[in-house]
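Under our numbering, the first residue of the sequence shown is numbered 32, with each subsequent residue one higher.
Scroll down for the structure; my scribbles are underneath it.
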Amino acid sequence: MLSLLFINSFAQKHGDTLAYERLQYVQDLKNAIAGKVWKDFENDRVTQVYFTDSSSYFFNADTGILQKVTQKTSPLKRIDMFKTKRIDENPFHMETAVELTDSTALYFQKPIVMFSDFETARGKVSDLQSLQQWASMVVHELFHGYQLQHIPTLKYSNQVIHLRGSQLQKLFVEQKWFAESIQIENMLLISLLKVKSGKELRKGLKQYISLRDARQKRAESILDDFSINENFYEKIEGSAKYVELALLENYQYFPENKYLLRNDPAYKENAYQNFKLDEEPWQYQTESINYFYSTGYNLIRILDKVKADYQ
Ligand SMILES: [Zn+2]
Numbered sequence: 032m033l034s035l036l037f038i039n040s041f042a043q044k045h046g047d048t049l050a051y052e053r054l055q056y057v058q059d060l061k062n063a064i065a066g067k068v069w070k071d072f073e074n075d076r077v078t079q080v081y082f083t084d085s086s087s088y089f090f091n092a093d094t095g096i097l098q099k100v101t102q103k104t105s106p107l108k109r110i111d112m113f114k115t116k117r118i119d120e121n122p123f124h125m126e127t128a129v130e131l132t133d134s135t136a137l138y139f140q141k142p143i144v145m146f147s148d149f150e151t152a153r154g155k156v157s158d159l160q161s162l163q164q165w166a167s168m169v170v171h172e173l174f175h176g177y178q179l180q181h182i183p184t185l186k187y188s189n190q191v192i193h194l195r196g197s198q199l200q201k202l203f204v205e206q207k208w209f210a211e212s213i214q215i216e217n218m219l220l221i222s223l224l225k226v227k228s229g230k231e232l233r234k235g236l237k238q239y240i241s242l243r244d245a246r247q248k249r250a251e252s253i254l255d256d257f258s259i260n261e262n263f264y265e266k267i268e269g270s271a272k273y274v275e276l277a278l279l280e281n282y283q284y285f286p287e288n289k290y291l292l293r294n295d296p297a298y299k300e301n302a303y304q305n306f307k308l309d310e311e312p313w314q315y316q317t318e319s320i321n322y323f324y325s326t327g328y329n330l331i332r333i334l335d336k337v338k339a340d341y342q
């Protein structure tokens with residue numbers, strides 16, 4: 032009995048430590064990849080809630096948000112981490128929440144990035160193999176948090192954007208002409224990434240724009256304001272994908288996390304050591320994920336290629 036109690040309290044303490052080490056790890060990864068590919072995202076702080084089976088951990092939390100949370104612990108480990116009972120019973124979190132009108136919402140006017148722990152995510156995301164893969168999903172969400180901390184973006188998304196991403200994807204799934212055009216457009220973008228001559232690139236981009244214009248025009252007759260909605264989703268999701276894939280590409284240059292390597296069975300040594308984006312084209316083709324992630328991602332790579340100042 033005594034030894035059992037001892038084990039339980041050890042597990043609890045260990046649980047807090049593991050939560051902290053994972054959260055800090057994600058934070059370090061985020062800053063490292065931001066330093067390489069999206070400077071302004073480096074050192075950005077957004078409120079994060081990490082969900083385990085029984086608890087919610089607030090990390091980097093905004094003080095106004097924390098005031099709304101009752102029954103929280105004092106800061107854990109003398110750092111900016113608080114623990115509560117689970118703030119909801121949703122089976123899975125991997126999203127960024129913000130609410131502009133309901134002032135009672137925890138995330139009123141300030142985004143909160145919410146994510147389940149690896150153990151829960153593994154049951155919901157097919158083929159989730161490592162903590163590093165999970166961390167790349169969390170960094171993707173942190174980028175949305177960063178985007179929605181930008182007040183003009185937040186207002187625009189609330190006042191102008193009225194379609195859901197799933198409505199755009201429904202067009203892709205149900206309208207053959209739409210899917211065909213998207214596939215041609217996206218393959219064209221991918222092929223233009225390899226083009227060396229400026230003349231050929233300009234010609235290809237002109238062709239891309241005319242295909243896109245024709246498709247958007249036709250889609251307008253099905254969904255109101257289709258174009259501005261699609262443009263928005265491509266920017267938001269394409270850029271988050273851009274940071275996420277850059278992280279996968281850069282894992283091989285980051286040192287292993289010594290603590291997690293020893294203490295976290297989800298953390299895999301040498302994960303993504305040999306990752307080459309070219310060998311995983313499904314990451315930026317339109318079949319495996321919502322199409323606008325892929326087109327948005329490839330559009331950003333084109334902007335990189337022409338050295339446009341877009342960030
Ligand atoms: Zn996203």
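Glycine included, each C-beta is placed from N, C-alpha and C at the ideal position.
Because the structure is a prediction, the values reported are computed rather than measured.
(request) State the CB to CB distance for the pair Leu162 and Leu291, rounded to an integer number of angstroms; the pair is presumed to be in contact (CB under 8 Å). (result) Locating residue 162 in the sequence shown gives position 131, where the first residue counts as 1. Locating residue 291 in the sequence shown gives position 260, where the first residue counts as 1. Contact annotation, Leu162 with Leu291: C-beta distance approximately 7 Å; criterion of less than 8 Å satisfied.
(request) Report the rounded CA-to-CA distance for Tyr328 versus Glu251, giving the unit in angstroms. (result) The residue given as residue 328 occupies position 297 in the sequence shown. The residue given as residue 251 occupies position 220 in the sequence shown. Computed Cα separation, rounded: 23 Å.
(request) Compare the beta carbon distance of His124 and Val274 with 8 Å and say whether it is the shorter of the two. (result) In the sequence shown, the residue the question calls residue 124 occupies position 93. In the sequence shown, the residue the question calls residue 274 occupies position 243. No.
(request) Considering only heavy atoms of ligand 1, list every residue whose Cβ is less than 6 Å from one of them, following chain order. (result) For ligand 1, the residues with a Cβ under 6 Å from any of its heavy atoms are, in chain order, His171, His175, Glu268, Ala271.
(message) DSSP three-state label for Ala210, please.
(response) Position 179 of the sequence shown, counted from the start, is the residue given in the question as residue 210. Here Ala210 sits in helix by DSSP.
(request) Give a yes or no on whether the C-beta atoms belonging to Thr78 and Val100 are separated by under 8 Å. (result) In the sequence shown, residue 78 corresponds to position 47, counting from 1. In the sequence shown, residue 100 corresponds to position 69, counting from 1. The answer is no: Cβ separation not under 8 Å.
(request) Compare the Cα-Cα distances from Leu308 to each of Gln283, Ala297, Leu194 and report the closest residue. (result) Position 277 of the sequence shown, counted from the first residue, corresponds to residue 308. Cα-wise, what sits closest to Leu308 is Gln283.
(request) Drop a sphere of 10 angstroms on the beta-carbon of Gly229, count the other beta-carbons inside from all chains shown, and report buried for 16 or more, exposed for fewer. (result) Locating residue 229 in the sequence shown gives position 198, counting from the first residue. The C-beta of Gly229 has fewer than 16 other C-beta atoms within 10 Å across all chains shown, which makes the residue exposed.
(request) On a CA-only basis, which of Met218, Tyr324, Leu220 is nearest Asn262? Give me that one, please. (result) For the purposes of this step, residue 262 is taken as the residue at position 231 of the sequence shown. When Met218, Tyr324, Leu220 are compared, the shortest CA-CA separation from Asn262 is found for Tyr324.
(request) Please check if any C-beta of chain D sits within less than 8 Å of the C-beta of Asp119. (result) In the displayed structure, chain D is absent; only one protein chain is listed.
(request) Using the DSSP secondary-structure output, state which residues sit across from Glu130 in a beta bridge. (result) Your numbering for residue 130 matches position 99 in the sequence shown. BP columns for Glu130 point to Phe139.
(message) Assess contact between the region 209-224 and the region 312-319, defined as three or more Cβ pairs (one per stretch) separated by less than 8 Å. Is contact present?
(response) They touch, by the three-pair rule.
(message) Just to confirm the assignment: which complete beta strand (DSSP E) runs, minimum length 3, are found wholly within the region 232-282?
(response) With a minimum length of 3 residues, no continuous beta strand (DSSP E) run stays inside the region 232-282.
(message) For the structure I just gave you, are there three or more beta carbon pairs, one from the region 136-149 and one from the region 61-80, closer than 8 Å?
(response) Touching, yes.
(message) Here's the rule I'm using: 16 or more other beta-carbon atoms within 10 Å means buried, otherwise exposed. How should Arg53 be labelled?
(response) Counted from its first residue, the sequence shown places residue 53 at position 22. In this structure Arg53 is buried. Its beta-carbon is surrounded by 16 or more other beta-carbon atoms within 10 angstroms.
(request) Out of Ile333, Gln190, Ala50, point me to the one whose CA is closest to Phe82's CA. (result) Stepping through the sequence shown from its first residue, residue 82 is reached at position 51. Measuring from the Cα of Phe82, the nearest candidate turns out to be Ala50.
(request) Count the CB pairs spanning the region 59-76 and the region 166-184 that are closer than 8 Å, and state whether there are at least three. (result) The region 59-76 is in contact with the region 166-184.
(request) Assign Tyr81 to one of three DSSP states: helix, strand, or coil. (result) Taking the sequence shown and counting its residues from 1, the one referred to as residue 81 is at position 50. Assigned with DSSP and collapsed to three states, Tyr81 falls in strand.
(request) Assign Phe90 to one of three DSSP states: helix, strand, or coil. (result) Reading the sequence shown from its first residue, position 59 is the one you call residue 90. Here Phe90 sits in strand by DSSP.
(request) Kindly list the residues whose CB is nearer than 8 Å to the CB of Ile96, restricted to its own chain and excluding five residues on each side of it in sequence; keep chain order. (result) As a first step, residue 96 is located in the sequence shown; it is residue number 65 there, counting from the start. Cβ within range, chain order: Thr78, Phe89, Leu137, Tyr138, Lys141, Ile143.
(request) Spell out the partners DSSP gives Thr115 in its beta bridges. (result) On the sequence shown, residue 115 is found 84 positions in, with the first residue counted as 1. Thr115 pairs with Ser87.
(message) I'd like the list of long-range same chain contacts for Ser258, defined as Cβ closer than 6 Å, with 5 residues on each side in sequence excluded.
(response) Your numbering for residue 258 matches position 227 in the sequence shown. The residues are Gln247.
(request) Pull up the distance between the alpha-carbon of Tyr341 and that of Ser270, whole angstroms please. (result) The residue you call residue 341 lines up with position 310 of the sequence shown. The residue you call residue 270 lines up with position 239 of the sequence shown. C-alpha of Tyr341 to C-alpha of Ser270: approximately 11 Å in a straight line.
(message) Check this for me: beta carbons of Gln196 and Leu219, under 8 Å apart or not?
(response) For this step, residue 196 is matched to residue 165 along the sequence shown. For this step, residue 219 is matched to residue 188 along the sequence shown. Residue identity differs from the one stated: residue 196 is Gly in this sequence, not Gln. Cβ atoms of Gly196 and Leu219: not closer than 8 Å.
(message) Tell me the rounded alpha-carbon separation between Lys207 and Lys201.
(response) Taking the first residue of the sequence shown as 1, we reach residue 207 at position 176. Taking the first residue of the sequence shown as 1, we reach residue 201 at position 170. Taking C-alpha positions only, Lys207 is separated from Lys201 by approximately 11 Å.
(message) Spatial neighbours of Ala166 within its chain, please: C-beta separation below 7 Å, excluding the five flanking residues on both sides.
(response) As a working note, residue 166 is residue 135 in the sequence shown. Cβ neighbours of Ala166 within its own chain (closer than 7 Å, five residues either side excluded): Tyr56, Val57, Leu60.
(request) Flag this pair as yes or no: are the beta carbons of Tyr303 and Leu279 separated by less than 8 Å? (result) Counting from one through the sequence shown, the residue named residue 303 turns up at place 272. Counting from one through the sequence shown, the residue named residue 279 turns up at place 248. Taking a C-beta distance under 8 Å as the contact criterion, Tyr303 and Leu279 qualify as a contact pair.
(message) How far does the alpha helix (DSSP H) with Tyr187 in it extend, from its first residue to its last?
(response) By 1-based counting over the sequence shown, the position of residue 187 is 156. DSSP places Tyr187 in the uninterrupted alpha helix (DSSP H) bounded by 182-190.
(message) Rounded to whole angstroms, what is the Cα-Cα separation between Val204 and Tyr322?
(response) By one-based count along the sequence shown, residue 204 stands at place 173. By one-based count along the sequence shown, residue 322 stands at place 291. About 10 Å.
(request) Look at the Cβ atom of Leu224, then the Cβ atom of Arg332, and state whether they are nearer than 8 Å. (result) Walking along the sequence shown from the start, residue 224 turns up at place 193. Walking along the sequence shown from the start, residue 332 turns up at place 301. Yes, Cβ-Cβ distance for Leu224 and Arg332 is below 8 Å.
(request) Would you mind sorting Gln164 into buried or exposed? The rule is 16 or more other CB atoms within 10 Å of its CB. (result) For the purposes of this step, residue 164 is taken as residue 133 along the sequence shown, with counting starting at 1. Under a 10 Å Cβ-count criterion, Gln164 is classified as buried, with 16 or more other Cβ atoms of the shown protein chains found around its own Cβ.
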